[in-house]
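Heads up, the thing below is written out as structure tokens.
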Amino acid sequence: MSQNSENPLKDKSILIIDDQKSFQQLLKGMLVQLGANNVSFYDSGEAALNKIDKDSVDIVFIDYNLGQGRNGKQFLEELKYLNKLSRHSISILVTGESTRSVVLSVLEIEPDDYLIKPFSSGMLKTRLSKLSNKKKLFFDANQAIEDGQLEAAVKIYLKIAKERPRNAQFCYKRVCQIYFDLGQYQNAFELLGNILATARPTWALTYMAQTCMFLAQYDKAIRICDELLGQNRFNIDALDIKALCLNHLDQGKESIFLIEQSCNISPHSFARQKTFAEIAQANNDLEALIKAHGTLLAMSKGTAFSHIDYQFNYIRAMFSQLHLANSKEEKADLSNQIKGSLRQAQNDPTVTEQHALFKEFNTFCEARLSVSEGDFLDAKKMIAPYIAEQSLSSSVLPDSVMALFDLGEFDDANAQLEKYKELNECDGQTLKQLQERNESLANHQTEFEQHNVRGIELYKKGDFQNAIEQFEMALKYAPMNTGSALNLLQALLQLLPRANQAADVILEKCRSNFRLVEGMALPRQHAKRLEDLKFEYNKLAKLYSQSN
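Residue numbers for the sequence shown follow the working numbering, so the first one is 73 and each next one is one higher.
Structure follows, in structure tokens:
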């Protein structure tokens, strides 16, 4: 920002983002009176987003109510997320509302200031003068942060706090934030401890509660949060911290209640909605999980936060609910919701931009829906090409694992699960969900493996009849397992020449099991084995036909 003491607004690049032309002109008039000569307008955040550059904006006024789409708070959150505002720039949110929820929402994103309409030219001049002086005072600290020199920034803030007690609170807040970024929680604890030894300001209590949470001192953090909530039951920071601490202490029900309460007070925070989703998933509260992911999906549309994962996670949450549904009516309702969401997703720009990825995801979703409707064979045919070619996108691995578990393809499912664990972008909560699904099927997998292994042992001993019984038992636990189906076919074909009167039954069993694997893309090893078994079957079936 250029320095000009006589006319601080001259040559400053000033943006006004407001959907009301009348207010644009009113505010511009005030700014021109104060010496501004470079004022631009945008009617919406969407229009402004691609035009704003980090080094091109000195002052930005953002109206809280921007009409349709994102509000001003969300837009400022995007600007910060995209790093489009320099720390030397001044951001001011403007609102015509003074309700508690709006003010809390505005303060949460930490603009440099906020103005409540109507305001006078004199008030605007006073605020801009104070903000300009503040930016000058903290110029070196802000520049150090811009340059990634966080330790240097801490020293500057602490020096200013000592020399200018009136600015100490602001400095200590920034120092705590830097300590959090650096993971230096003990330093924050000591700094805040010294402050709280003589007074108990709300900001210091809030930061101390957060520090205690980072240090895993959950009970102490909760006590501080209770003190804060006793002063103000709408303290969203205290609600958030207490919810997270209770979640760590396995008090999931109360944790979800608090984070949902916090979301209701300030509903437009991406970070808070993500926390809501994480707590809901950690506690298997699927209704809350669907609600949180649905909100994240809706909030992300048309913003810098938009990502195809929001579509995926919302639909995955509904599948989790479908998996546990008891009644036919509930299953049908959830299936219809999933199908509707998949159709609606086709029009989402994040989906059209990544059509191939969504096609994979959609295939596994369709397969899982088929499983829920009892059509295992159709489900297996859908996903077989992806599994055989091992060409699956990493983003869809969780859906592949779930579908394979549903089908009883335990070896393939566990192989895909191991792949997912190795990914850098592996999501902890998703991994936990996959592992829980694996554990829930542990008995099935154990029974399947025992019968399958026992069948192989009996086959090697030439006891084909009992081997067949073991393979059939294995398939009861994993009805679409390719390896076990091929094992059963091999044993049946060994028994066929000795079958006599039971040959018709064995041939029908062979045909039934061939239907499980024929016409599918199979891994090379399985495909070669199937080809050999099919050749042997045709030869024996022909001999049997001729003998009759």
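Ideal Cβ positions, reconstructed from N, Cα and C, are used throughout, including at glycine.
Treat the numbers as computed from the prediction; the structure is a model and nothing was measured.
Alpha-carbon spacing of residue i relative to residue j, whole angstroms
i      : j      : result
Asn398 : Leu263 : 54 Å
Asp83  : Tyr244 : 33 Å
Ser94  : Lys197 : 20 Å
Pro80  : Leu495 : 51 Å
Lys234 : Ile228 : 10 Å
Leu157 : Ile124 : 8 Å
Arg583 : Gln323 : 54 Å
Lys493 : Phe348 : 24 Å
Lys189 : Lys373 : 29 Å
Asp298 : Ala269 : 19 Å
Ser74  : Leu103 : In this prediction, Ser74 has a pLDDT of 45, which is less than 50 and means its spatial position is unreliable; nothing more can be read from the coordinates.
Lys202 : Ser193 : 14 Å
Lys606 : Gln597 : 14 Å
Phe448 : Tyr114 : 55 Å
Ala574 : Gln537 : 12 Å
Ile217 : Asn205 : 19 Å
Glu118 : Thr375 : 8 Å
Lys600 : Ala404 : 40 Å
Leu230 : Ile313 : 26 Å
Leu254 : Val226 : 11 Å
Lys100 : His340 : 29 Å
Leu316 : Ala487 : 33 Å
Residue i versus the options, residue with shortest Cα-Cα distance
i      : options                           : result
Asn214 : Met195, Arg159, Glu180 and Arg199 : Arg159
Glu461 : Tyr244, Pro595, Tyr616 and Asn259 : Pro595
Ala571 : Phe329, Leu300 and Leu615         : Leu615
His379 : Trp275, Lys156 and Asp420         : Asp420
Asn304 : Ser334, Asp322, Lys231 and Asp604 : Ser334
Ile232 : Ile250, Phe210 and Lys493         : Phe210
Met474 : Ser392, Ala539, Cys248 and Ile313 : Ser392
Ala389 : Gln537, Asn408, Asp405 and Gly366 : Gly366
Asn239 : Lys207, Glu218 and Glu223         : Lys207
Leu565 : Leu106, Lys453 and Lys581         : Lys581
Phe482 : Asp312, Lys600 and Asn510         : Asn510
Leu222 : Ala404, Gln256 and Ile313         : Gln256
Lys363 : Ala376, Thr375 and Gln345         : Gln345
Tyr549 : Glu519, Ser413 and Glu497         : Glu519
Leu154 : Leu121, Gln241 and Asp185         : Leu121
Ser512 : Asp478, Ala539 and Lys491         : Asp478
Gln249 : Asn610, Pro457, Asn515 and Tyr279 : Tyr279
Ser442 : Lys100, Lys411 and Gln416         : Lys411
Thr274 : Val247, Ile308 and Ser112         : Ile308
Gly539 : Val247, Ile455, Gln562 and Pro551 : Correcting the residue identity first, residue 539 is Ala in this sequence and not Gly. Of the listed residues, the one whose Cα sits closest to Ala539 is Gln562.
Residue i: first and last residue of the uninterrupted beta strand (DSSP E) it sits in
i      : result
Leu187 : Asp185 to Ile188
Phe329 : Looking at the DSSP string, Phe329 is not in any beta strand (DSSP E); the run it does join, the alpha helix (DSSP H), is Gly324 to Ile337.
Val111 : Val111 to Tyr114
Ser163 : Ile162 to Thr167
Phe133 : Ile131 to Asp135
Residue i: CB within 6 Å of a non-hydrogen atom of the ligand SAH
i      : result
Ser463 : The ligand SAH is not among the ligands present in this structure, which contains no ligands whatsoever.
Cβ-Cβ separation, residue j to residue i (assumed contact under 8 Å), whole Å
i      : j      : result
Leu602 : Leu568 : Not really, about 17 Å apart at Cβ, beyond 8 Å.
Gly480 : Asn553 : 5 Å
Ser444 : Leu394 : 6 Å
Ala310 : Leu301 : 5 Å
Asp90  : Gln97  : 10 Å between Cβ atoms; not a contact.
Asn110 : Ser85  : 5 Å
Leu560 : Leu547 : 7 Å
Ser116 : Leu87  : That belief does not hold up - the Cβ atoms of Ser116 and Leu87 are roughly 12 Å apart, past 8 Å.
Leu358 : Leu396 : 7 Å
Ile387 : Ser413 : 5 Å
Residue i - containing alpha helix (DSSP H), residue span
i      : result
Ile88  : From DSSP, Ile88 is part of no alpha helix (DSSP H) but of the beta strand (DSSP E) over Ile86 to Ile89.
Asn259 : Tyr257 to Leu268
Ala574 : From DSSP, Ala574 is part of no alpha helix (DSSP H); its letter is neither H nor E.
Cys437 : His427 to Ser444
Asn538 : Phe536 to Tyr549
Phe448 : Phe448 to Glu461
Asn214 : Phe211 to Glu218
Lys100 : Lys93 to Gln105
Asn408 : Lys400 to Ala417
Ile387 : Ile380 to Leu396
Gln221 : Element bounds for Gln221: n/a, residue is neither H nor E.
Within-7 Å CB hit, residue i to chain B
i      : result
Gln416 : Annotation note: the requested chain B is absent from the structure, which comprises a single protein chain.
I'd like to know if the region 530-542 and the region 500-513 are in contact, where contact means that at least 3 CB-CB pairs between them fall below 8 Å. Flag = no, the region 530-542 and the region 500-513 do not touch.
Indicate whether the contact test is met: 3 or more Cβ pairs, each with one atom in the region 145-152 and one in the region 170-190, closer than 8 Å. Judged by Cβ distances under 8 Å, the region 145-152 makes contact with the region 170-190, as three or more pairs qualify.
Validate contact between the region 340-359 and the region 324-332 using beta carbons, cut 8 Å, 3 pairs: Enough Cβ pairs lie closer than 8 Å, so yes.
At least three beta-carbon pairs within less than 8 Å, the region 431-443 to the region 462-477: As far as the Cβ criterion goes, the region 431-443 touches the region 462-477, which means the pair count is three or higher.
Using 8 Å as the threshold, is the region 541-550 in touch with the region 519-529, meaning 3 or more CB pairs across them? Touching, yes, given that three or more Cβ pairs across the two stretches are closer than 8 Å.
Does the pairing of the region 425-433 with the region 376-394 give three or more beta-carbon distances under 8 Å? In short, these stretches touch, since the Cβ pair count reaches three.
Three CB pairs or more closer than 8 Å across the region 113-133 and the region 159-170: Yes: at least three Cβ pairs fall under 8 Å.
Stretch pair the region 247-261 + the region 280-288: three plus CB contacts closer than 8 Å: The answer is yes - the region 280-288 touches the region 247-261, with three or more Cβ pairs under 8 Å.
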